[in-house]
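Enquirer: Under the numbering used here, the residue at position 260 of the sequence shown is numbered 397, and the numbers go up by one with no gaps.
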Amino acid sequence: MGVGHALYYRIISTPGVASLFRSAQRGCATIFMLHRFDDPNRGVAGFDPAKLRRGLEHLRKNRYELVSLESIFDRLASGGSALGGAVAFTIDDGYMDQAEIAAPVFAEFDCPVTTFVTTGFLDGQLWFWWDKIEFIFSMTSQKSVKISLPELNLAYELSSNDMRHKAQEDFTQRCKVIADDAKHRRISALAEAAGVELPRTPPQQYAPMSWDQARACETHGMTFGPHTVTHPILSQTDSHQSKLEIEESWVRLSKEVRHPVPIFCYPNGQWKDFGQREIDVMHELGLQGAVVGEPGFADPRPFANDPAGRFKVMRFGFPETLPHLIQYVSGIERCKMMVRG
Ligand SMILES: [Zn+2]
Numbered sequence: 138m139g140v141g142h143a144l145y146y147r148i149i150s151t152p153g154v155a156s157l158f159r160s161a162q163r164g165c166a167t168i169f170m171l172h173r174f175d176d177p178n179r180g181v182a183g184f185d186p187a188k189l190r191r192g193l194e195h196l197r198k199n200r201y202e203l204v205s206l207e208s209i210f211d212r213l214a215s216g217g218s219a220l221g222g223a224v225a226f227t228i229d230d231g232y233m234d235q236a237e238i239a240a241p242v243f244a245e246f247d248c249p250v251t252t253f254v255t256t257g258f259l260d261g262q263l264w265f266w267w268d269k270i271e272f273i274f275s276m277t278s279q280k281s282v283k284i285s286l287p288e289l290n291l292a293y294e295l296s297s298n299d300m301r302h303k304a305q306e307d308f309t310q311r312c313k314v315i316a317d318d319a320k321h322r323r324i325s326a327l328a329e330a331a332g333v334e335l336p337r338t339p340p341q342q343y344a345p346m347s348w349d350q351a352r353a354c355e356t357h358g359m360t361f362g363p364h365t366v367t368h369p370i371l372s373q374t375d376s377h378q379s380k381l382e383i384e385e386s387w388v389r390l391s392k393e394v395r396h397p398v399p400i401f402c403y404p405n406g407q408w409k410d411f412g413q414r415e416i417d418v419m420h421e422l423g424l425q426g427a428v429v430g431e432p433g434f435a436d437p438r439p440f441a442n443d444p445a446g447r448f449k450v451m452r453f454g455f456p457e458t459l460p461h462l463i464q465y466v467s468g469i470e471r472c473k474m475m476v477r478g
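#1: So, helix, strand or coil for Asn290, using DSSP?
#2: Go through the residues and name those whose CB comes closer than 6 Å to any heavy atom of ligand 1, in chain order.
#3: Indicate whether Thr167 and Tyr403 have their beta-carbon atoms separated by less than 8 Å.
#4: Which runs of the alpha helix (DSSP H) fall wholly inside the stretch 207-284 and span at least 4 residues, in chain order?
#5: Please tell me whether Ala427 and Ile400 are closer than 8 Å, where the distance is taken between their beta carbons.
#6: So, with DSSP's three-state summary, where would you put Val428?
#7: Consider the Cβ of Ser391: report whether some Cβ of chain C lies at a distance smaller than 8 Å.
#8: Can you tell me whether Gln342 is buried or exposed? The criterion is at least 16 other CB atoms within 10 Å of its CB, across all chains shown.
#9: Specify the secondary structure class of Thr374 as computed by DSSP and reduced to three states.
#10: Which residues mark the beginning and the end of the beta strand (DSSP E) in which Leu171 is found?
#11: Between Ala244 and Gly358, how many whole angstroms is the CB-CB distance? I'm expecting something under 8 Å.
#12: Output the distance between the C-alpha atoms of Val333 and Thr277, rounded to the nearest integer angstrom.
#13: Is the CB-CB distance between Thr255 and His368 below 8 Å?
#14: CB-CB under 6 Å to Asn405, same chain, minus the five flanking residues each way: which ones, in chain order?
#15: Excluding the five sequence neighbours on either side, which residues of its own chain have a C-beta within less than 7 Å of the C-beta of Leu263, listed in chain order?
#16: If you follow the beta strand (DSSP E) that Phe401 is in, where does it begin and where does it stop?
#17: Hey, is the stretch 221-240 in contact with the stretch 342-356, meaning 3+ C-beta pairs nearer than 8 Å?
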């Protein structure tokens with residue numbers, strides 16, 4: 138962080154300053170997104186729960202309105218004047234650390250949070266494809282690996298941790314831009330080439346929460362929304378699979394939890410990862426809307442101007458530091474975005 142930045146963050150952290158911007162925030166809401174949480178006992182490195190606690194403490198102390206995701210969607214639908222700068226929290230995927238580490242912290246601050254679960258993951262049918270890639274690159278004893286497929290030849294040097302990390306990143310990125318079935322074939326080829334056997338069920342650091350844990354979390358203020366059955370990038374599936382992924386995850390979720398949230402979350406969540414086809418399916422199912430992983434505020438304008446707007450509600454990653462958090466929720470970021478147009 139440069140001197141200018143450091144000074145800027147000192148200024149906005151000064152009591153009273155952020156509140157000057159809050160009127161800019163009244164016409165919108167902030168939805169935060171989180172993924173994994175530190176769980177040293179299981180070897181998981183994720184978001185530090187102490188930082189989450191500090192953030193929630195700040196929001197409570199400064200009387201931000203912490204509301205459920207459904208409440209944000211209701212307010213958006215009714216014109217947005219009621220948004221009032223409210224803040225909502227979401228977590229993606231359904232890992233065990235989200236139930237065991239994150240849920241108690243949110244409960245401590247009586248803060249609603251919606252977790253989007255991949256139902257096949259909780260049903261014990263699969264583990265995530267990116268975790269398999271990480272597992273293969275961390276477990277292989279080989280110093281290099283070569284993958285030869287009809288459509289692709291790849292060779293990675295793996296003699297240092299840095300090289301392994303880069304190889305993992307490169308391979309994961311390549312898997313995001315191909316058809317879902319080809320992706321799974323490619324990962325099997327990688328496992329074979331690297332001499333790593335993939336267990337059928339996930340090793341403990343990649344394990345899901347159970348449905349029992351999900352139901353227990355519900356009693357402490359966590360709610361659950363659908364996030365497909367197998368977590369494919371929907372634009373990389375055919376129409377049949379795409380429909381099934383959305384429909385089945387909603388059906389399964391509705392059977393397992395008491396209060397399923399009718400708001401969908403797209404896997405990977407970038408604009409290119411879904412389209413009108415997916416929106417039509419959700420519309421037919423009667424879902425209330427959907428969130429993306431693209432950064433932005435929950436804004437009433439797209440709701441009013443675009444019939445698909447409620448299926449494209451944006452979220453910010455939850456910031457690691459307090460000054461960044463203040464910037465998002467206080468209206469400062471909103472003002473900056475307005476200035477940038
Ligand atoms: Zn996800």
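Glycine included, each C-beta is placed from N, C-alpha and C at the ideal position.
Expert: Looking at the coordinates:
#1: strand
#2: That gives Asp229, Asp230, His364, His368 and Pro404.
#3: no
#4: Entirely contained in the stretch 207-284, the alpha helix (DSSP H) runs reaching 4 residues are, in chain order, 240-245, 256-259 and 266-276.
#5: yes
#6: strand
#7: Within the model displayed, chain C is absent; a lone protein chain is all it includes.
#8: Under this definition Gln342 is a buried residue.
#9: Coil, per DSSP.
#10: In the DSSP assignment, Leu171 falls within the beta strand (DSSP E) that extends over Thr167 to Leu171.
#11: 6 Å
#12: 6 Å
#13: Contact check for Thr255 against His368 passes: the beta carbons are separated by less than 8 Å.
#14: Ile370
#15: Gly257 and Thr367
#16: Ile400 to Cys402
#17: Taking 8 Å as the limit for Cβ pairs, the verdict is that the stretch 342-356 does touch the stretch 221-240.
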